[in-house]
Amino acid sequence: VEASDSPNRTHFIRRNFTINIRDMNDESPKFNQSWQFNINESYSINTVIGKVQAHDKDLNDEIKYNITD
């Protein structure tokens, strides 16, 4: 960046700056498919009934999953 106090630039200063660009969290996670799982009432506690996976285009994406209903 250069700043001067006159049109003919007799007095000016020049400085270098470093600009760091951070990725914004502006992308929504997306599932690559739909899933359907059936739960049997005889399943024991902590039985895995299925796995899902989503992807997010943001850098350093952290996706959290919740069962809502």
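Per the numbering used here, the very first residue in the sequence shown carries number 399; after that it's consecutive. C-beta: ideal position from N, C-alpha, C; glycine also.
When you compare each of N464, N458, K462 and Y463 to R420 by their alpha carbons, which one comes out closest? N458
Just tell me which of G448, Q434, T445 and D424 has its CA closest to the CA of E460. Minimum Cα distance to E460 is reached at D424.
Span separating the alpha-carbon of N438 from that of T416: 59 Å
Using the Cα positions of V446 and Q434, report the straight-line distance between them to the nearest angstrom. In a straight line, the C-alpha of V446 is about 14 Å away from that of Q434.
Give a yes or no on whether the C-beta atoms belonging to A401 and K428 are separated by under 9 Å. no
Just to confirm, are V399 and R407 a CB contact at a threshold of 9 Å? Remark: C-beta atoms of V399 and R407 do not approach each other more closely than 9 Å.
Quickly, what does DSSP pair R400 with across the bridge? List them, please. First, the amino acid is wrong: residue 400 is Glu here, not Arg. Bridge partners of E400: R412.
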